[in-house]
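Position 9, counted from 1, in the sequence shown is what our numbering calls -9; the numbers after and before it change by one each time, with no gaps.
Glycine included, each C-beta is placed from N, C-alpha and C at the ideal position.
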Amino acid sequence: MHIKNKKLSFAFVTLLFAFLPSAFANSDDVKINLLTQNFPPFSMAIDGKNFAREESIDGIDADVVAELFKRAGIDYEMTLRFPWNRLQKLAEQKPGFAVFSLSRTPEREPKYKWVGPLSEIQIVLLKMPGSPIQLASLDDAKQYRIGSKDGSVGSRYLINRGFELHKSLINTPEKLKAGKFDLWATTNPSGDYEAIQAGIGSLEVALTLNRVDLYLALNKETPDEVVQKLQRTLDQMKQEGLLQKATQRYMDN
């Protein structure tokens, strides 16, 4: 009798959960946890640290994404953290999470729902001004030590092409200046901006590898109506020139 009652109880609980609304049943109740990293000038902590929330985060894409969610009427929280690989996994695995600014590669395509593009970058190999390094092709770079931020677009691009990199979490331009490596695999305008902010000055492009669009990547359980609303709102913002104005605020200073 006791076993039978337990079976009936389990069946009742199972039936009850079947009729409960999911966490995303009503798009008006959705709240998105937005994750980003220090990726100047697209997202950065105002105090320069590796943790920040809300108004303590600025940057081109951070401003655009905040305005996007406000216009779309979707509740959100924005957090800047590291490491970058961990943020991507959180957005992939946890409903209610999203990450920006992320490149939309074939490998990542099925892992998220996408809104964008927010901005555009160039994957580059940077060198110190006056460096004698001359590159005609990517093969020419194999003889040099190349550094990159772990999990970045630049590092993924080269690792996928068989390069071994000196990986770094922070202070990458300083390590280039100190001679820890010869070339920095990064993106522009981010790399040059970061070097200028670090007091090193503008770096030279040794080789441009590719051009990449950056997106907002949402967990796959995000309702399609939310994704579509965000995309429509972003498209309208582009028509109004708001993305261009956000870029000018940071790059013209």
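query: If you pair each beta-carbon of the stretch 120 to 127 with each one of the stretch 68 to 77, do three or more pairs fall below 8 angstroms?; result: no
query: Using a Cβ distance threshold of 8 angstroms, determine whether the stretch 143 to 151 contacts the stretch 100 to 108, with at least three qualifying pairs required.; result: no
query: Are the Cβ atoms of P99 and D195 separated by less than 8 angstroms?; result: yes
query: Where in the stretch 23 to 88 do unbroken runs of the alpha helix (DSSP H), each at least 4 residues long, occur, reported from the N-terminal end onward?; result: 42 to 54, 66 to 75
query: Could you check if T190 is buried or exposed, using at least 16 other CB atoms within 10 Å of its CB as the buried criterion?; result: exposed
query: In whole angstroms, what is the alpha-carbon distance linking A228 and I103?; result: 15 angstroms
query: By DSSP, does I103 sit in helix, in strand, or in coil?; result: strand
query: Could you say which of I56, D174, L69, L224 lies nearest to F33 if we only look at CA atoms?; result: L69
query: Pull up the DSSP beta-bridge partners for T18, would you.; result: L62
query: Short of 8 angstroms in beta carbon distance, which residues of its chain neighbour A180, apart from the five on each side in sequence? Order them along the chain.; result: N153, P155, E156
query: I need the DSSP call for N204, collapsed to helix, strand or coil.; result: At residue 204 the sequence reads Thr, which differs from the Asn that was named. Coil.
query: Can you grab the Cα-Cα spacing for the pair E59 / K13, in whole Å?; result: 8 angstroms
query: How would you write the range of the beta strand (DSSP E) that K149 sits in, first residue to last?; result: 148 to 150
query: Using only CA atoms, which one of N15, K131, G41, D29 lies nearest to F163?; result: K131
query: What is the DSSP secondary structure of S130, counted as helix, strand or coil?; result: strand
query: Going by other Cβ atoms of all chains shown within 10 Å of its Cβ, with 16 needed for buried, is L212 buried or exposed?; result: buried
query: For a test of the three-state rule: what should DSSP assign to A167, helix, strand or coil?; result: strand
query: Alpha carbon to alpha carbon, how far is Y139 from G55?; result: 36 angstroms
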